[in-house]
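Enquirer:
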Amino acid sequence: MVLQKIKTLHAMLRSGAAIRRYKKIWLLPLLLVIVTTMATAANAKVYIDIDSPSGKLLPLAIQRIADLKPPGKNINPIGTAALEDAAAYKLKYIILDTLKGDIEFSGFFELLNQDAFIEELADSGLTRKETDFSLWRIIDTELLIKGGIRLDGEKLTAEFRLFDTTRETELLAKRYVGSKDSPRLLAHRFADDLIKKLTGKKGIYSTKIAFISGIGGSKEVYLADYDGHNIRQVTSNGSINISPRWSPDRRKILYTSYMTGHPSIFEQELITGRISVVSDKKGSNIGGRWSPDGTSIAYTATGKHSPELYVKKNGSRRPKQLTNNYSIDVSPVWSPDGKHLAFVSDRAGNPHIYMIKSTGGKVRRVTYKGKYNTDPDFSPDGRTIAFTRLDKTGTNVWTIRSDGSGLKQLTFEGNNQSPSWSPDGRYLVFSRQWAGKVQRLYIIRQDGSGMKRIKIKIGKTSAPSWSPYRR
């Protein structure tokens, strides 16, 4: 039956109608994809214009994950090969599900339904020579992902390939090795490499989000993958912990905790769990943030007259005080170049966003509208500040350029707080509560589109912080 289906499809390809359809498929990528020829047509590379606000979605198919033969036996996925036990089946499902989630989340692709696939897994292979691209063009596939896995005891090997079906070329071939407990990580890494190949910018699928969740009256720091999977608890002191922030190298988490009786700032190593005190002076110590180079921490602590901004260098016992007035100065955040801090102050009567050099000096006001502006966070390119504003409709996420222009509202319902940029600057994560529902984490694109809830199944979640790229 399979052979007959293939013969019928090849006959269709030879017909005039199929040829006209193929020409249509050939022209479609020009709406969104720029093709650059390096040396020969075989080296053509596809790039997605991520700045295009209304580009066409690229039709992409992900074939079922197959089996890789053992080393030395022409590594190649065969649908009826060795791995058919329950563990391998589950790993294949997880990897395929993770890839689909990453592809859909990107907003660049139209993911084709597996029911429409014509090429059978058992009749094809992983390589270009073993792929009948005509069968994929018939269903309007422009990009094709094939993958296979091999499980050797505790070691999991995954191999993926990305093809341009119109040119019948291989765009990307990668092999990843990890433990059998890391199928999602291997899929995320391939998705990162795929996005880097097609856009020129790193993907964010291997990044993580730190957040706060309350269980049994305490508030503890947790980590999760960007999509809500692989939840890990960081703190377990049974106290109130708030404002988690990542170190630039992703090895530590900075947070404010009441575990000593008053708000103090601590840093915790993620591998060893070792905890160090950053600021524990009398009064309040809140809102710590590392500098981009990881050599200093900016925070708010009780001053002579009111809460003031401080910067403390690593290894130094004496922080440098940046502000000194009767207003409340809180929530400092570094610009990506480390030269400025954005922060919140009520020096004009109501909380607004201000800027100051990271060495101190004159203060410049950024926001003027709204009665309550807080939670500033710099975009990775330093051009934009995300923040929250309280108005008659609730608390919403806004963005504004660092020079005070380009004000834009991104959310319009409920109470939305604590925006944090993804390391590529395309997304924001924030907490959202509306219509009496439990507070959850959501992701939105930087233009306000594509809002999506992160499905973290541990109750109320808040105060998210998106990790930087792994160095």
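Numbering of the sequence shown is given in the working numbering, commencing with residue -3 and proceeding in unit increments. No residue lacks a Cβ here, since even glycine has one placed at the ideal position from N, Cα and C.
#1: For the segment 78 to 93 against the segment 136 to 155, do three or more pairs of beta-carbon atoms, one drawn from each stretch, fall closer than 8 angstroms, so that the two count as touching?
#2: Could you check if residue 466 is buried or exposed, using at least 16 other CB atoms within 10 Å of its CB as the buried criterion?
#3: State the start and end residues of the unbroken beta strand (DSSP E) segment that holds residue 438.
#4: Between which two residues does the alpha helix (DSSP H) harbouring residue 179 extend?
#5: According to DSSP, residue 106 sits in a beta bridge with which residue or residues?
#6: According to DSSP, which residues form a beta bridge with residue 174?
#7: Ordered along the chain, which non-local residues of its own chain (more than five positions away) have a Cβ less than 6 angstroms from that of residue 331?
#8: Who pairs with residue 338 in a beta bridge, going by DSSP?
#9: Of all the options 376, 291, 370, which has the alpha carbon lying nearest to the alpha carbon of residue 394?
#10: Can you tell me whether residue 344 is helix, strand or coil according to DSSP?
#11: Can you check which of these residues, 162, 381, 409, 236, is closest to residue 388 by C-alpha distance?
#12: What does residue 63 pair with, by DSSP beta-bridge criteria?
#13: I need the straight-line Cα distance from residue 38 to residue 117, nearest angstrom please.
#14: Excluding the 5 residues flanking residue 182 on each side, which residues of the same chain have their C-beta closer than 6 angstroms to its C-beta?
#15: Hey, residue 220 and residue 201 are a contact pair by Cβ (cut 8 angstroms); roughly how many whole angstroms apart?
#16: Can you tell me the Cα-Cα spacing of residue 283 and residue 328, whole angstroms?
#17: In this structure, does DSSP put residue 100 in helix, strand or coil?
#18: Taking the continuous alpha helix (DSSP H) assigned at residue 131, which residues delimit it?
#19: Let me check one thing: in DSSP terms, what residues is residue 160 bridge-paired to?
#20: Could you give the uninterrupted runs of the alpha helix (DSSP H) lying entirely in the segment 203 to 274, keeping only those of 4 residues or more?
#21: Using the C-alpha atoms, what's the distance from residue 93 back to residue 62?
#22: Is it true that the CB of residue 296 sits closer than 8 angstroms to the CB of residue 326?
#23: Rounded C-beta distance between residue 349 and residue 372? I'm assuming under 8 angstroms.
#24: Just the C-alpha distance for residue 334 and residue 289, rounded to the nearest angstrom, thanks.
#25: Have a look at residue 128 and residue 119 and give me their C-alpha separation to the nearest angstrom.
#26: Return the residue from the list 103, 398, 265, 457 that minimises the CA-CA distance to residue 413.
#27: Quick check on the burial criterion: 16 or more other C-beta atoms within 10 angstroms. Buried or exposed for residue 229?
#28: Give the single residue among 351, 158, 204 whose Cα lies nearest to the Cα of residue 227.
#29: Mark residue 281 as exposed unless 16 or more other C-beta atoms lie within 10 angstroms of its C-beta, in which case mark it buried.
#30: Tell me residue 390's beta-bridge partners as DSSP assigns them.
#31: Rounded to whole angstroms, what's the CA-CA distance from residue 242 to residue 428? Just pull it up for me.
#32: At what residues does the beta strand (DSSP E) containing residue 412 begin and finish?
#33: Taking only the alpha-carbon atoms, compute the straight-line gap between residue 170 and residue 365 and give it to the nearest angstrom.
#34: What first and last residue would you give for the beta strand (DSSP E) that runs through residue 308?
Expert: Let me spell this out:
#1: yes
#2: As a position in the sequence shown, residue 466 is number 470, starting the count at 1. The residue in question, residue 466, is exposed, as its Cβ has fewer than 16 Cβ neighbours within 10 Å.
#3: Numbered from its first residue, the sequence shown carries residue 438 at position 442. 436 to 441 is the span of the beta strand (DSSP E), which, as asked, contains residue 438.
#4: Walking along the sequence shown from the start, residue 179 turns up at place 183. Element bounds for residue 179: 179 to 195.
#5: Sequence index remark: in the sequence shown, residue 106 carries index 110 (1-based). According to DSSP, residue 106 bridges with 55.
#6: Numbered from its first residue, the sequence shown carries residue 174 at position 178. DSSP, once it has assigned bridges, lists 152 as partnering residue 174.
#7: Your numbering for residue 331 matches position 335 in the sequence shown. Result list for residue 331: 374, 378, in chain order.
#8: On the sequence shown, position 342 is the one that residue 338 refers to. Bridge partners of residue 338: 329, 351.
#9: Here the question's residue 394 lines up with position 398 in the sequence shown. Taking only the C-alpha atoms, the option nearest residue 394 is 370.
#10: Mapped onto the sequence shown, residue 344 falls at position 348. Looking at residue 344 - three-state DSSP - the assignment turns out to be coil, as it is neither helix nor strand.
#11: As a first step, residue 388 must be located in the sequence shown, where it is residue number 392. The candidate whose alpha carbon is nearest that of residue 388 is 409.
#12: The residue you call residue 63 lines up with position 67 of the sequence shown. Bridge partners of residue 63: 145.
#13: Here residue 38 is taken as the residue at index 42 of the sequence shown, counted from 1. Here residue 117 is taken as the residue at index 121 of the sequence shown, counted from 1. Residue confidence is low: residue 38 scores 37 on pLDDT, short of 50, so the model does not pin down where it sits. No coordinate-derived value is stated.
#14: Start at 1 with the first residue of the sequence shown, and residue 182 comes out as number 186. Correct list, in chain order: 154, 172, 174.
#15: To locate residue 220, count along the sequence shown from 1; it is residue 224. To locate residue 201, count along the sequence shown from 1; it is residue 205. The pair is not a contact, with the Cβ atoms about 13 angstroms apart (cut-off 8 angstroms).
#16: Locating residue 283 in the sequence shown gives position 287, counting from the first residue. Locating residue 328 in the sequence shown gives position 332, counting from the first residue. Going by the C-alpha atoms only, they are around 7 angstroms apart.
#17: Here the question's residue 100 lines up with position 104 in the sequence shown. It is helical.
#18: Reading the sequence shown from its first residue, position 135 is the one you call residue 131. Here the alpha helix (DSSP H) through residue 131 covers 129 to 133.
#19: By one-based count along the sequence shown, residue 160 stands at place 164. Residue 160 is bridged to 139, 165.
#20: none
#21: Taking the first residue of the sequence shown as 1, we reach residue 62 at position 66. Taking the first residue of the sequence shown as 1, we reach residue 93 at position 97. Going from the Cα of residue 62 to the Cα of residue 93 covers about 14 angstroms.
#22: Along the sequence shown, one-based indexing puts residue 326 at 330. Along the sequence shown, one-based indexing puts residue 296 at 300. Yes, they are a contact pair.
#23: Taking the first residue of the sequence shown as position 1, residue 349 is located at position 353. Taking the first residue of the sequence shown as position 1, residue 372 is located at position 376. That pair is a contact at about 5 angstroms.
#24: Along the sequence shown, read from residue 1 onward, the residue named residue 334 stands at position 338. Along the sequence shown, read from residue 1 onward, the residue named residue 289 stands at position 293. Whole-angstrom Cα-Cα distance: 8 angstroms.
#25: As a position in the sequence shown, residue 128 is number 132, starting the count at 1. As a position in the sequence shown, residue 119 is number 123, starting the count at 1. Using only the alpha carbons, I get a separation of about 10 angstroms.
#26: Mapped onto the sequence shown, residue 413 falls at position 417. Closest by alpha carbon: 457.
#27: Along the sequence shown, one-based indexing puts residue 229 at 233. The residue in question, residue 229, is exposed, as its Cβ has fewer than 16 Cβ neighbours within 10 Å.
#28: Taking the first residue of the sequence shown as position 1, residue 227 is located at position 231. The shortest C-alpha separation from residue 227 is found at 204.
#29: Residue 281 sits at position 285 when you count from the first residue of the sequence shown. By the 10 Å Cβ count, residue 281 comes out buried.
#30: Translated into the one-based positions of the sequence shown, residue 390 becomes position 394. Residue 390 is bridged to 387.
#31: Here the question's residue 242 lines up with position 246 in the sequence shown. Here the question's residue 428 lines up with position 432 in the sequence shown. For residue 242 and residue 428, the distance between alpha carbons rounds to 21 angstroms.
#32: Within the sequence shown, numbered from 1, the residue matching residue 412 stands at position 416. First-last of the beta strand (DSSP E) with residue 412: 411 to 417.
#33: In the sequence shown, the residue the question calls residue 170 occupies position 174. In the sequence shown, the residue the question calls residue 365 occupies position 369. Computed Cα separation, rounded: 50 angstroms.
#34: Here residue 308 corresponds to residue number 312 of the sequence shown, with the count starting at 1. Residue 308 -> beta strand (DSSP E) spans 303 to 309.
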